[in-house]
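Those sequence lines, one after another, are chains A and B. Each residue of the first sequence is one higher than the last, beginning at 325 in the numbering used here. Each residue of the second sequence is one higher than the last, beginning at 325 in the numbering used here. Where a beta carbon is used, it is the ideal one built from N, C-alpha and C, also for glycine. Every value quoted in this text rests on a predicted model; they were computed, and no experiment measured them.
Number of protein chains: 2
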Amino acid sequence: MPTFTNEELLGQLNWRYATKLFDPSRKIDDETMTTLEDSMVLSPSSFGLQPWKFIIVEKQEVKDQLLPLSWNQPQTRDCSHFVVLAYDDSFQLSEVDRYIDATVEARGGQASDHDALKGQMVGFIQRSIDGATIDEWCKNQIYIALGQLMASAAFLGIDACPMEGIQPAEMDKVLDLENSGFKIMVACALGYRSEDDKYATLPKVRYPKAQIVERI
Amino acid sequence: MPTFTNEELLGQLNWRYATKLFDPSRKIDDETMTTLEDSMVLSPSSFGLQPWKFIIVEKQEVKDQLLPLSWNQPQTRDCSHFVVLAYDDSFQLSEVDRYIDATVEARGGQASDHDALKGQMVGFIQRSIDGATIDEWCKNQIYIALGQLMASAAFLGIDACPMEGIQPAEMDKVLDLENSGFKIMVACALGYRSEDDKYATLPKVRYPKAQIVERI
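Structure below.
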């Protein structure tokens with residue numbers, strides 16, 4: 325398969341920015357949107373347990389409903405697709421069996437082939453439930469998917485804006501997630517930058533690399 | 325700049341997997357490693373506040389020291405570069421001024437041009453410190469960088485294995501992070517898959533897309 329050169333990769337990562345103004349007339353075509361969905365499905369997660377759900381809002385009337393729940397940030401209304409990332413807020417030990425079953429489905433063999441792995445997973449999850457860190461662990465995984473989504477968008481030439489400044493509990497209501505076992509954590513608006521977005525051409529603000537990266 | 329086609333993007337995301345066995349004889353060349361460092365520096369973060377530090381271990385003797393601190397998972401020893409992602413565990417309001425100063429440095433103008441943004445940032449961070457959610461917020465950002473790193477590696481044809489199964493406090497000691505204000509959260513081994521890694525060719529285990537993604 326073709327890969328990027330170093331220059332191409334950094335070119336796209338420098339091209340991306342947290343888009344402030346989207347061009348509301350430009351929509352992501354369906355094949356590309358399906359690719360971005362697939363990139364989320366393919367996101368890595370701890371043990372592969374995928375403790376998440378992704379809601380993709382394309383209907384304008386729903387985006388309009390979400391606008392006041394994101395402090396009226398215009399990205400919510402003007403983007404092409406508004407992606408909402410929700411975590412499993414009642415993660416159960418039974419998810420391990422679900423994963424093992426999916427493994428057998430994908431790779432053949434029997435559930436009992438995975439007893440050693442299952443023991444590790446059950447041990448980790450039970451400790452996380454007992455220690456009340458299971459929610460934090462699920463939320464962390466969501467941010468891997470967010471990272472993969474934003475990078476994938478950049479490499480396809482799609483603009484994105486990650487949005488933590490939302491009212492997740494209110495969005496849960498609008499998107500019928502109450503009582504679903506999932507809670508919204510963060511959102512990401514996708515689409516195409518407006519020609520009027522002055523932030524598109526401003527230099528990036530990054531701390532000097534020597535303050536961030538150390539090689540040993 | 326060139327971008328990937330949908331097929332190329334999904335090809336690389338399907339090519340990647342959590343590498344279990346690295347080829348210890350193959351090293352990532354310096355230009356590519358610098359590109360991966362730059363991709364971490366360019367990771368998006370909430371408000372752009374970059375509450376992180378990345379340690380890249382290339383010395384074999386240090387990787388060997390870290391091996392028992394990752395439950396002897398051979399990736400730690402056999403990878404080309406072992407990346408450790410640490411979060412700011414004493415995030416202070418003063419980080420807002422640091423960011424505003426960096427903005428002025430990158431874009432010109434004066435700090436006072438950003439008073440409205442500064443007010444928003446200070447409000448958010450003060451609430452997060454008061455509510456004891458600031459650590460969780462910093463950790464979440466780390467996982468965006470992890471997601472961007474894994475995706476970037478895949479698009480460069482570099483193998484990776486994210487590793488939560490580490491003893492972070494012990495690694496802090498080996499890597500001299502104690503009293504640095506940063507704590508290790510998660511690691512990612514980078515390099516090239518071994519021809520003996522049977523996991524390289526196994527089908528991916530993902531739940532049916534209909535259980536994960538919803539379009540509205």
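With a cutoff of 8 Å on beta-carbon distance, B:Val428 and B:Leu473 are scored as not near each other. DSSP, read as helix, strand or coil, puts A:Ile449 in helix.
For A:Arg401, the enclosing alpha helix (DSSP H) starts and ends at 398 to 402.
When DSSP states are grouped into helix, strand and coil, A:Phe371 belongs to the helix group.
Every beta strand (DSSP E) of 3 residues or more that sits fully in the segment 453 to 531 of chain A is shown, in chain order, as 483 to 487, 506 to 515. Judged by DSSP secondary structure, A:Arg340 falls outside any alpha helix (DSSP H); it is assigned neither H nor E. Residue burial is scored here from C-beta neighbours: A:Pro486 has at least 16 other C-beta atoms within 10 angstroms and is therefore classed as buried.
Here B:Asp496 is not near B:Thr343, since their CB atoms are 8 Å or more apart. DSSP places A:Ala410 in the uninterrupted beta strand (DSSP E) bounded by 405 to 412. Look at B:Glu382 here: in three-state DSSP terms it is coil, with no helix or strand label. Interface criterion met: the Cβ of B:Tyr531 is under 8 Å from a Cβ in chain A. With contact defined as three or more Cβ pairs closer than 8 Å, the segment 396 to 412 of chain A and the segment 506 to 518 of chain A are in contact.
In summary, the residues of the segment 471 to 493 of chain B whose CB is separated from some CB of chain A by less than 7 Å are Gly471, Gln472, Met474, Ala475, Ser476, Phe479, Leu480, Gly481, Pro486, Glu488, in the order they occur in the chain.
In this structure, B:Glu538 sits away from A:Ile490, with a CB-CB distance that is not shorter than 8 Å. Taking 8 Å as the cut-off, the beta carbon of B:Val510 is found no closer than this to the beta carbon of A:Ile540. Neighbours of B:Gln374 in chain A, taken as residues at a C-beta separation under 8 Å, are given in chain order as Arg530, Tyr531, Ile536. Counting along the chain, no beta strand (DSSP E) covers A:Arg350, and no H or E run does either. If you ignore the 5 residues before and after B:Glu519, its C-beta comes within less than 8 Å of the C-beta of Asp347, all in its own chain and listed in chain order.
Annotated as proximal: B:Thr359 and A:Leu334, with beta-carbon spacing under 8 Å.
When rounded, the separation of the alpha-carbon atoms in A:Ser369 and A:Ile468 is 7 Å.
For A:Ser418, the enclosing alpha helix (DSSP H) begins and ends at 418 to 431.
A residue is called buried when at least 16 other Cβ atoms come within 10 angstroms of its Cβ; A:Gly455 does not meet this threshold and is exposed.
Nearest Cα to B:Gly372 within the set B:Ser414, B:Gly447, B:Tyr423, B:Ala484: B:Tyr423.
Nothing from the segment 403 to 415 of chain A brings a Cβ to less than 7 Å from some Cβ of chain B. For B:Ile540, there is no enclosing alpha helix (DSSP H), as DSSP marks it with neither H nor E. The Cβ of B:Glu519 sits no closer than 8 Å to any Cβ of chain A. Within 9 Å of the CB of A:Ile379, the CB atoms of chain B belong to Val537, Glu538, Arg539, Ile540, in sequence order along the chain. Sequence-distant partners of B:Val446 (beyond 5 residues in either direction) whose C-beta falls short of 7 Å from its own C-beta, in its chain, are Leu417, Val420. Exclusion of the five residues before and after A:Phe448 leaves Phe371 as the residues of its chain whose Cβ lies within less than 8 Å of its Cβ. For A:Phe506, not one C-beta of chain B is nearer than 8 Å to its own C-beta. Closest option to B:Arg530, judged by alpha-carbon separation, among A:Ala534, A:Arg431, A:Tyr523, A:Ala475: A:Arg431. Listed along chain A are Arg530, Lys533, Ile536, Val537, each with a C-beta nearer than 7 Å to that of B:Val365.
Between A:Ser370 and chain B, the shortest Cβ-Cβ separation is below 8 Å. Taking the Cα of A:Glu488 as reference, the smallest distance to any Cα among A:Arg451, A:Gly481, A:Pro532, A:Trp395 is reached at A:Trp395. A:Glu361 is classed as buried because its beta carbon has at least 16 other beta carbons within 10 Å across all chains shown.
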